[in-house]
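One structure is given here, and the rest of the page talks about it.
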Amino acid sequence: MIEARVTDAHQICELDGATLTEAYSKGLLSPVEVVIATLERAEQIQDQVNAFTFLDPEGALSAARAAEARWRAGAPRSPIDGVPTTLKDIVHVVNWSVRYGSRVSEASPFGDDAPAVAGLRDAGAVFIGQTTTPEFGWKAVTDSALCGITRNPWNPNVTPGGSSGGAAVAAACGAGVLHLGTDGGGSIRIPASFTGTVGHKPSFGRVGACPPNVFGTVAHIGPMTRTVGDAITMLTAMAGRDRRDWTQPPMAFPDLTTSAISWTGKRIGYWKTPIVGAVCPEVARAVEAVLDDLETAGAEIHEVALPGRADLLEVFYRHWYVGAANRLSTIPLAARAALDPGFLNAAEVGERYSAVDRMWAEVRRAQYGAAMDGLLIDFDFLMSPTVPTVPFTAGRDVPDGSGLENWIEWSSFSFPINLSQQPACSVPCGFTPDGLPIGLQIISARGDDAGVLSAALAYEQLYTDRFLTPGGTWPELTGGAR
């Protein structure tokens, strides 16, 4: 509820979308002043955390002025009309050059919006700029030869995760309200966990994709925000059938009507053990404290193991690395020396898989997916840590001293849900003793995004102080940034 004008730029940048549009409707704020404050905030943080590939002040102010006129006329397009929004450097945007975080891509503007971008534009969202990604979004941290290292605002020495790291950092710093991310193995949920924000990977197909993703049907598009309510309104604007995306089902998904659930009688499967390695003790303690609270609130908690877990790492390798090889096939030999060596290695592994190897992975994926559908008949939700580790040194692909070989191994609470395509939301779950965020993952049946987000709303009501809202604990940055 907002009853008076807000003039302080930092305070404006802490407001969520619902509060902003209420203020617009009452004439207490205008989209223009909000976008000006947001652009200033983005510029303040850029040198410290490197969240943006570029900002578009001219385009943003033009869109904000149009939104302001609509609000003054009492005819806003949607609940996000005039709300500052960022787009990851991996989705197509009219008149923007999308580089995919790569030096080998062309800096030439696109002529069409991707489906998610078109939905947001039609709803009146104001695009302030583009956020960083690793090259082609190939890994779960955010650094690239094109843009450098993106850093975590809670501690710039550690990673914010990836591949939607720039979006998560912008959200955590108040440099925009709505942030578009993509998730092929955890790339929305991991950086949400590492930055204390909300990240929702929708059911596959709820949000259309065009052009088709080179990594195939493990890749999802979804919202990244500071509150669950903003994730819901953003997803509502992005979702829907787009005939350019053949992988979407021809029938409509269940609607996104949401309300906070009661935990009484809810059956929750506690997915405790990652596919690879172990869970850091501080992460396990934070998640299990939540489950104890939910049990006290009336939920039934049962430990579960994922079906077919022994094969899942190899199944994902054969999907992801063949996808990297697919992307590599479009790059001239002479340009390959400019690629991230890790991406190039992944693509070369993918090139060595045979057609039979890849089809084996498709069959095993189908068997696992069917078993996951069956598991979620027995449970209302699965819950797990979003990531088994805590944020680690920026510029590294794996935690120091972990003995892990690659990012996929420490992402093993997230990539299985890309294979099975259920909706999954990461919500803030407290902090480590060193002040680094921890995330809790909530999963439900395919198509039941409303269920996941309703559970996330109920969680937010229990743990309001964990979310980045006015009066809460925010990352502290130097150089004039909060």
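For what it's worth, full-length UniProt numbering labels the leading residue of the sequence shown as 1, then goes sequentially. All residues carry an ideal CB built from backbone N, CA and C; glycine is no exception.
Per-residue burial, residue i [other beta carbons within 10 Å of its own, 16 or more giving buried]
i       : result
Ser-412 : buried
Gly-186 : buried
Glu-14  : buried
Gln-461 : exposed
Arg-352 : exposed
Trp-246 : exposed
Thr-464 : exposed
Asp-122 : exposed
Met-1   : exposed
Proximal residues to residue i (C-beta, below 6 Å), its chain only, five neighbours per side dropped
i       : result
Thr-236 : Leu-256
Thr-21  : Pro-79
Ile-232 : Thr-258, Leu-453
Leu-376 : Ala-445
Arg-327 : Phe-136, Val-214
Ile-149 : Asp-143, Ala-394, Gly-395
Val-6   : Ile-12
Pro-76  : Arg-70
Tyr-459 : Val-427
First and last residue of the uninterrupted alpha helix (DSSP H) at residue i
i       : result
Gln-48  : 31-49
Thr-21  : 17-26
Pro-115 : 115-122
Val-452 : 449-462
Asn-418 : 415-420
Ala-335 : No alpha helix (DSSP H) contains Ala-335, which DSSP labels as neither H nor E.
Ile-12  : 9-14
Trp-474 : First-last for Trp-474: undefined, no H or E at that position.
Trp-138 : Trp-138 -> no alpha helix (DSSP H), and no H or E assigned at all.
Glu-3   : Counting along the chain, Glu-3 falls outside any alpha helix (DSSP H), and DSSP gives it neither H nor E.
Ile-408 : 407-410
Boundaries of the beta strand (DSSP E) in which residue i is found, first to last residue
i       : result
Gly-439 : 437-443
Ala-424 : 424-431
Pro-84  : 84-88
Thr-131 : 126-131
Ile-55  : The amino acid at residue 55 is misidentified as Ile; the sequence shows Leu. Unbroken beta strand (DSSP E) run through Leu-55: 52-55.
Paired residues, beta bridge with residue i - DSSP
i           : result
Arg-189     : Answer is none; Arg-189 lacks a bridge partner.
Thr-393     : Val-158
Asn-95      : Answer by DSSP bridge pairing: none, since Asn-95 is not bridged.
Gly-148     : Ser-144
residue 487 : Coverage of the chain is limited to positions 1 through 482, which leaves residue 487 absent and any answer about it impossible.
Spatial neighbours of residue i in its chain, beta-carbon cut-off 8 Å, leaving aside the 5 residues before and after
i       : result
Glu-300 : Gly-265, Lys-266, Arg-267, Ile-268
Ser-97  : Glu-106, Ala-107, Ser-108, Pro-109, Phe-110
Ser-25  : Trp-71, Pro-76
Same chain only: Cβ atoms within 7 Å of residue i, ignoring 5 sequence neighbours per side
i       : result
Leu-468 : Ala-172, Gly-196, Thr-197, Arg-226, Trp-474
Gly-181 : Lys-88, Ser-164, Ala-167, Ser-187, Ile-188, Gly-199, Gly-222, Met-224
My parser needs the beta strand (DSSP E) runs of 3 or more residues fully inside the stretch 341-391; what are they? Scanning the stretch 341-391 from its first residue to its last, the whole beta strand (DSSP E) runs of 3-plus residues come out as 381-385.
Could you name each continuous alpha helix (DSSP H) segment of 4 residues or more that falls completely within the stretch 168-227, going from the start of the chain to the end? 189-195
So within the stretch 238-289, which uninterrupted alpha helix (DSSP H) runs reach at least 4 residues, ignoring any that extend past its ends? Not a single unbroken stretch of the alpha helix (DSSP H) spanning 4 or more residues falls wholly within the stretch 238-289.
Please specify which runs of the beta strand (DSSP E), each continuous and at least 3 residues long, are wholly inside the stretch 287-326, giving them in chain order. 300-304
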